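Peer 1: In my numbering, the protein residues as written are 1 to 966.
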RNA sequence: GCCCGAGUGGUGGAAUUGGUAGACACGUUGGACUUAAAAUCCAAUGACCAUUGCGGUCGUGCGGGUUCAAGUCCCGCCUCGGGUACCA
């Protein structure tokens, strides 16, 4: 009989379910531990072997923590909203909910057979009204909140209104959009609509005009991904940038806290670095460049003053409101604000560049330049940011005809527009310092604009910029050609310039963030409806008692003919008072931003989660998921959590204490080589002799790169009569490592492997494949090895007649040493998430105990507990066979005892000039000077010392001896 | 382009703090057991040179450097993977 994994695994999965072995209790005397997996999107193709990689690792850890006496919360759920189900609905008319349900069922079945220790009673699904009620609820709270920079937290909008009624916005220091200063009298005199418009600039969830990729032919907005060279990926239709009213979340208000929060969480350095870059803090200055009155004759120039009065930045990050008269810069048209990280180089600013999207371009462009500018803008606008950033080699741009005044030296500098300046960063306008910025340098060279050197390194003479190949590195050095800054260091000059700017009202020091507010509207069907209705065109949120606002049925999942989102097709999509409801839906990250909180108290229909539940579980102790979420989900959830923290709903301001990113499992594709124009296939190593075409072949028809030719013929009708040119009687396939995907026929479904080897083997093998955090190709070849290991492990306990062979005989020191060495190693490996080396430690241990023919309970009983987190089914079965009752899951994890591991000797590798030559066994506690002596006097040493002088002997106790000769 | 990561035998990988490179496993080859197969067990297996034995040289993507000692640290490259804000 032997090891019957099929029977064992079913038996114990049933046992766990019936006994609620993995139930997490919201009240417990045990310490809590929260292990979370990033929940999956249930795709139609089911689970492939890449998905469970992280789940297995976290399951091992969760089980390990249970063995240590923790009350472990280890939940699972589904990120159920997503585009694939919607696409499928568009194509087939099947409601995405139907598809999603079906897929979840499939996922659940597949997850269950791997033996995860989830508490399924806590499952959440983002598309379930019981769940998304709280997503909508959070949105309402965001809508009703603003960010007070003085208290540094979100506060209720009612308090803000009360302040406006008393004092206007004079004393309000908020993270907000562009608002003019106003008084209490102003505020009280405005009607509802005007007041709401002002409030919108303060709300944390707000409506504003946002540029989107609009595809008129598809009637929809596209992701940057879906746009290739200005055309839609699907269908190749033209795509244009269009302003659209969209909901956004004011995540930028939290930029500083999101950045500083990284200091106190245990995430990998690279991931934190990615988030830091994403948030993108930079220190610098906001500088206002006046328009030259004599040289700027754009048609719209006269209307600029009014425009700028509203747009010019009034706030300073440290809270002080700077009232800058918009006449600064002397131009009749006011000024263009520019953010620069290098205000010290202002004297080197020889031109200005505006992003093609910049709102002022068509106003300042002169009549002569207008046509050219418009042409350029039209073209540049429709290129994606990605393209614009990538193609740095081709310099393009157009002169607008207008001039700005360099505020420090009064020089007129030309204003250009070029697509290397992006509208989304800073103010969408830059002062170009070609002497010290390589992109500006390339631009100036190309268009023959002046280049001035304003920084020179210590001890270097300034040189003629016309002789340069690139801009001059100016991170440090001294200022030259810079008026009052001359002779200062870069650091001094930055400070002095900012002081000057603030003194004269030309500008001010500013900390800028690259982070943008999160656009929260999607023109899709399959997402959470916004709890928002419109009255006289003004958005209001529904009363909380009306939640959840359920997703309505529609006749088609497409936008309407007039380009409105699919929800506009819903009948009676209005409130009971008759006001129209919002037709956009929320994006994918809405539901995933707070799901970890709902797991704490998923049955609560009065609250998101109870205070008690939150105070018990607090935060996620270990979070596992892919690093592709580094800049998306992991920022949004941190923001979501901080907001709820400000409201006093959650007690920890960082949600994920420790985070591990598992690598991706790549596919390993196999290829057959068809001789062109025939139905003959030539084996891999002979293919060069023919003109061949490589075709993907289903990896299920291939074993160890050898093709099953008969199965191949039956695979597809077109190959029925295929014939083969073999090598050594076999057809060898080629292979390549690629993404695991259906189209490449390299998807490995775990079901078949579980059928053949069992879940415990699959679990061990996925861990054995390599380090958790690293990407690695899937290769079926090694699975036999771990399967053999489990069978061998089984035989330590049970013989071929299914009889227990474990004895109560006293274990020897050597046997105990093997056990305790393994305990130490396995524990250490789990603690540092090195599961691959953990598996190999079990293999080594099993090999050694087999060689010793050890069948002693004293060794084997602790050993099976040690294995339980990795291979829980076999461990349960053996544990029971050993005579134990009640399951293994909560049995105390063994601890090693140092006394069994002490060695009296150490075999020193002796090297000469760094090359290892022989080994020398010496007492472990031998003093260093004696070791040196022993090494030089050793018989084997003479050969290497002969004719040379021993210059030095380096001894690292219990490591190495190195003799330096020469 | 920018940001992050990775490159070690035929293959997946090990080497935890600068200290014996290749643990463990796959594959391959040879052998034992068997009528045979499966299963199991034993041995060899980085490359090259030498081979009667002792052995020797090279070797962790490439080029430099630091050090008694570098897969590991530093500088400069190359290749591949991920992210780049509406895929999840």
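Glycine included, C-beta positions come from ideal geometry on N, C-alpha and C. All of these numbers come straight from a predicted model, not from anything done at the bench.
In chain order, which alpha helix (DSSP H) runs of at least 4 residues are fully inside the segment 354 to 430?
Peer 2: Counting only runs of 4 or more, we get 361 to 364, 367 to 381, 385 to 390.
Peer 1: Based on DSSP bridge pairs, tell me the residues matched to residue 32.
Peer 2: For residue 32, which the question treats as bridged, DSSP gives the partners 71.
Peer 1: Under the three-state reduction of DSSP, which class applies to residue 184: helix, strand or coil?
Peer 2: Three-state DSSP puts residue 184 in a helix.
Peer 1: Output the distance between the C-alpha atoms of residue 299 and residue 353, rounded to the nearest integer angstrom.
Peer 2: A caution first: residue 299 carries a pLDDT of 48, below 50, which makes its placement in the model too unreliable to give a value.
Peer 1: Once the 5 residues before and after residue 307 are set aside, which same chain residues still bring their CB inside 6 Å of it?
Peer 2: Legend: pLDDT at residue 307 = 40, less than 50; position of this residue unreliable, value from coordinates given subsequently. No residues qualify anywhere along the chain.
Peer 1: Any chance the segment 284 to 292 sits against the segment 405 to 420, with 3 or more Cβ pairs inside 8 Å?
Peer 2: Output reads yes: the segment 405 to 420 touches the segment 284 to 292.
Peer 1: Please report the distance separating the alpha-carbon of residue 721 from that of residue 713.
Peer 2: Each residue's Cα considered, the two are about 7 Å apart.
Peer 1: In the DSSP assignment, the alpha helix (DSSP H) including residue 752 goes from what residue to what residue?
Peer 2: Counting along the chain, the alpha helix (DSSP H) containing residue 752 begins and ends at 750 to 757.
Peer 1: For a minimum of 3 consecutive residues, which ranges assigned as the beta strand (DSSP E) are wholly contained in the segment 511 to 545?
Peer 2: With a minimum length of 3 residues, the continuous beta strand (DSSP E) runs that stay inside the segment 511 to 545 are 532 to 535, 538 to 541.
Peer 1: When the distance is taken between beta carbons, is residue 471 closer than 8 Å to residue 448?
Peer 2: Against a cut-off of 8 Å, the Cβ pair of residue 471 and residue 448 comes out as no contact.
Peer 1: Going straight from the alpha carbon of residue 200 to that of residue 100, what length do you get?
Peer 2: Using only the alpha carbons, I get a separation of about 36 Å.
Peer 1: Whose C-beta lies closer than 6 Å to the C-beta of residue 615 among residues of the same chain, with five residues either side of it excluded?
Peer 2: Correct list, in chain order: 651.
Peer 1: Does DSSP put residue 669 in a helix, a strand or coil?
Peer 2: Three-state DSSP puts residue 669 in a strand.
Peer 1: Just checking my contact of residue 878 with residue 765 at CB under 8 Å: how many whole Å lie between their CB atoms?
Peer 2: Actually they are not in contact, since the Cβ atoms of residue 878 and residue 765 sit about 20 Å apart, beyond 8 Å.
Peer 1: How should residue 786 be labelled, buried or exposed, when 16 other C-beta atoms within 10 angstroms of its C-beta is the threshold for buried?
Peer 2: By the neighbour-count rule (16 or more Cβ atoms within 10 Å), residue 786 is buried.
Peer 1: So what's residue 215 in DSSP terms, helix, strand or just coil?
Peer 2: If DSSP states are grouped into helix, strand and coil, residue 215 belongs with the strands.
Peer 1: Excluding sequence positions up to five away, which residues of its chain have a Cβ less than 6 Å from the Cβ of residue 916?
Peer 2: Taken in chain order, the residues that qualify are 909.
Peer 1: Kindly indicate the opening and closing residues of the alpha helix (DSSP H) around residue 710.
Peer 2: Its alpha helix (DSSP H) spans residues 709 to 715.
Peer 1: Using the beta-carbon count (16 or more within 10 Å), is residue 324 buried or exposed?
Peer 2: Low confidence applies to residue 324: its pLDDT is 34, below 50, so where it sits in the model is not reliable enough to give any reading.
Peer 1: So is residue 683 buried or exposed if we call it buried at 16+ other beta carbons inside 10 Å?
Peer 2: Residue 683 is buried by the Cβ-count criterion.
Peer 1: Note down the Cα distance separating residue 774 from residue 826, rounded to an integer number of angstroms.
Peer 2: Looking at the two C-alpha atoms, the distance is approximately 20 Å.
Peer 1: Drop a sphere of 10 angstroms on the beta-carbon of residue 855, count the other beta-carbons inside from all chains shown, and report buried for 16 or more, exposed for fewer.
Peer 2: It counts as buried.
Peer 1: For residue 724, which of helix, strand or coil comes out of DSSP?
Peer 2: Strand at residue 724.
Peer 1: Which same chain residues, not among the five before or five after residue 921, have their C-beta less than 6 Å away from its C-beta?
Peer 2: Correct list, in chain order: 905, 907.
Peer 1: I'd like to confirm the pairing. Which residues does DSSP put opposite residue 249 in its beta bridges?
Peer 2: According to DSSP, which records beta bridges pairwise, residue 249 is partnered with 205, 518.
Peer 1: Which residue or residues does DSSP assign as beta-bridge partners of residue 148?
Peer 2: 153, 174.
Peer 1: Specify the secondary structure class of residue 13 as computed by DSSP and reduced to three states.
Peer 2: Of the three classes helix, strand and coil, the one that applies to residue 13 here is helix, per DSSP.
Peer 1: Less than 8 Å between the CB atoms is what I'm expecting for residue 772 and residue 660, so what's the real figure, rounded?
Peer 2: Sure, about 7 Å apart at Cβ, within 8 Å.
Peer 1: Tell me, please, which residues DSSP counts as bridged to residue 696.
Peer 2: Looking at the DSSP assignment, residue 696 forms a beta bridge with 671.
Peer 1: Let me make sure I understand the geometry here. Which of 868, 719, 254, 630 has the alpha-carbon closest to that of residue 678?
Peer 2: Taking only the C-alpha atoms, the option nearest residue 678 is 719.
Peer 1: With a 10 Å radius around its C-beta and 16 neighbouring C-beta atoms as the bar for buried, classify residue 33 as buried or exposed.
Peer 2: Buried.
Peer 1: Using the C-alpha atoms, what's the distance from residue 9 back to residue 823?
Peer 2: Answer to the nearest angstrom: the Cα atoms are 25 Å apart.
Peer 1: Would a C-beta distance cut-off of 8 Å place residue 738 and residue 2 closer than the cut-off?
Peer 2: Contact: no.
Peer 1: At the level of alpha carbons, what is the spacing between residue 751 and residue 693?
Peer 2: Rounded to the nearest angstrom, the two C-alpha atoms are 32 Å apart.
Peer 1: To the nearest angstrom, how far is the alpha carbon of residue 961 from that of residue 949?
Peer 2: Approximately 17 Å between the Cα atoms of the pair.
Peer 1: Mapping DSSP to helix, strand and coil, what is residue 649?
Peer 2: Coil, per DSSP.
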